[in-house]
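Encoded as structure tokens, the structure appears first; notes follow it.
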Amino acid sequence: MGVKPFKGISNTKHTTSSEHTTDDYQKISTKEFIRITLWTFKLIHSLDPTRTKIYVATSLIHRASTIGYSYLFALIIDALINTATRENANIRDMYPYFGVLLGFTVFTSVISLIQHLTRNYLSNALRPKIKQSVYTKLNTIGIQTLEQPSVNDKIHRAEGYLESIFPYLRESIEVLGSISNMIISLFTIFSFLPFFAPVIALSTIPYFLYDKKFRGKLYKLGYDNTEASRKASRSFVDLSSVKQLTEISITGSFGFLDEKYMGFQRWFVGQWLNILKVWRTGLSSLHVISKLIIYVGYILVFGKLIKGTTTVGGITFQTRMLTTFQNNLLGVIEGINNLNEASLRIRDIYGV
0 MGVKPFKGIS NTKHTTSSEH TTDDYQKIST KEFIRITLWT FKLIHSLDPT
50 RTKIYVATSL IHRASTIGYS YLFALIIDAL INTATRENAN IRDMYPYFGV
100 LLGFTVFTSV ISLIQHLTRN YLSNALRPKI KQSVYTKLNT IGIQTLEQPS
150 VNDKIHRAEG YLESIFPYLR ESIEVLGSIS NMIISLFTIF SFLPFFAPVI
200 ALSTIPYFLY DKKFRGKLYK LGYDNTEASR KASRSFVDLS SVKQLTEISI
250 TGSFGFLDEK YMGFQRWFVG QWLNILKVWR TGLSSLHVIS KLIIYVGYIL
300 VFGKLIKGTT TVGGITFQTR MLTTFQNNLL GVIEGINNLN EASLRIRDIY
350 GV
């Protein structure tokens, strides 16, 4: 059974889930999802084109560098073993390898620094500009339209989601980076365990469906109670206003307004935490199962070393690629589910 909308201390009828179509709070078409994602990028890019491009480029390079580091480290392990088994072995023979690794580390550190600086700048400097673009848009909407309850609900949700615009772009870039790493590690796995990549992929399907289901439940909870949330927020504004407090004191309505606000908050937080507990418990169980699949892959790779068909550096890189493929596949799944959920929120801003 679904969660019933909050009724509050008054008997005001709030919108029930049956009065919304599934598209309102659970589904978004692929076409609209892409359109919202592109709109988000274009909005941020229009506000600061240069830093946006730098941020995207450095983010993708930084994500891909993890595979480069794994490959270099595997080469160094094999070089170290070969050096150690030679006569008159000398640690100086390893210096060129350490030099390459040091140079790679310096390069990735510079990329990471640029990425963090541009991200911090964009997330802070663009916040007031994004808000400006929204209230400028609202200024062009007629008063009669603004007074419609459905429009009021949409604006109320949009105000709460304004802080989600830049994180939405950041999540989109993270997904692109995960897709890139997933493809690279996939082709690598095909070179040593060609049958195992589909096994890993199939093991993540329950994780994807379960995660998507409970994200939908959380969004539905917030969507169905938009009107109640808006009314509770008005009580908070009244109780926090010096001008309104005088009237509240005269009429003796403090307790009523306090209960109106806190009653909703207690109920909403309780429902949210209940869904979250079931969601996270299930994900933890599915995560353990997915790790067991990877451990089977480790055993197969270790068997190749025992048979002498690979090197120590080889199994180091291969086991790392198995983990990289699974982690990035799960990252893509969680990222897409995050973006689908966030796009439902961004749609309220996009549609204002």
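So that you can map any letter, position 172 of the sequence shown is 171 in numbering that gives the first Met the number 0, and since no number is skipped, the others follow by simple counting. Idealized CB from N, CA, C, for every residue including glycine. Since we're looking at a predicted model, the values are computed, not measured.
Would you kindly work out how many angstroms separate the C-alpha atoms of residue 34 and residue 92, rounded to a whole number?
55 angstroms
At a threshold of 7 angstroms, does residue 257 count as lining the ligand NAD (C-beta to nearest heavy atom)?
Judged by which ligands are present, the structure shown has none, so any question about the ligand NAD falls away.
What is the rounded straight-line gap between the Cα of residue 17 and the Cα of residue 341?
Its pLDDT being 37, under 50, residue 17 is placed unreliably in this model, and the value from its coordinates should be taken loosely. Straight-line Cα distance between these residues: approximately 22 angstroms.
C-alpha gap between residue 226 and residue 261, whole angstroms
15 angstroms
Taking the runs of the alpha helix (DSSP H) that are 4 residues or longer, which of them lie wholly in the stretch 232 to 291?
241 to 250
Skipping 5 residues on each side, what residues in its chain have a beta carbon closer than 7 angstroms to that of residue 318?
297, 300
Can you have a look at residue 55 and say buried or exposed, based on whether 16 or more other CB atoms are within 10 angstroms of its CB?
Buried.
According to DSSP, is residue 334 part of a helix, a strand, or is it coil?
helix
Cα separation between residue 72 and residue 105?
When rounded, the distance between both Cα atoms is 15 angstroms.
Could you say which of 206, 170, 131, 272 lies nearest to residue 325 if we only look at CA atoms?
206
Alpha-carbon to alpha-carbon, residue 70 and residue 193
19 angstroms
Please work out which residues of its chain come closer than 8 angstroms, Cβ to Cβ, to residue 80, disregarding the five sequence neighbours upstream and downstream, and give them in chain order.
Closer than 8 angstroms at the Cβ level, and outside the excluded window around residue 80, lie 310, 311, 312.
Could you have a look at residue 299 and say whether DSSP puts it in helix, strand or coil?
DSSP, read as helix, strand or coil, puts residue 299 in helix.
Helix, strand or coil: how does DSSP classify residue 210 here?
Reduced to three states, the DSSP call for residue 210 is helix.
Quick check on DSSP: helix, strand or coil for residue 87?
Judged by DSSP in its simplified three-state form, residue 87 adopts coil rather than helix or strand.
Here's the rule: buried if 16 or more other CB atoms are within 10 angstroms of the residue's CB, otherwise exposed. What is residue 43?
buried
So is residue 338 buried or exposed if we call it buried at 16+ other beta carbons inside 10 Å?
buried
Since I believe residue 114 is in contact with residue 39 (beta carbons under 8 angstroms), could you give me their beta-carbon distance rounded to a whole number of angstroms?
So it is not a contact: roughly 19 angstroms between Cβ atoms.
Let me make sure I understand the geometry here. Which of 209, 197, 216, 305 has the alpha-carbon closest to that of residue 280?
209
Would you call residue 291 buried or exposed, if buried means 16 or more other Cβ atoms sit within 10 Å of its Cβ?
Taking a 10 Å sphere around the C-beta of residue 291, we find fewer than 16 other C-beta atoms and assign the residue as exposed.
Which of helix, strand or coil DSSP assigns to residue 164
helix
How is residue 175 classed by DSSP in three states: helix, strand or coil?
helix
With distances taken from CA atoms, which of 331, 245, 320 is nearest residue 190?
320
In the DSSP assignment, find the unbroken alpha helix (DSSP H) run with residue 41 in it and report its ends.
29 to 46
Mind checking which residues open and close the alpha helix (DSSP H) that includes residue 104?
Element bounds for residue 104: 94 to 124.
Residue 174: buried (16+ other C-beta within 10 angstroms of its C-beta) or exposed?
buried
What is the rounded straight-line gap between the Cα of residue 27 and the Cα of residue 343?
7 angstroms
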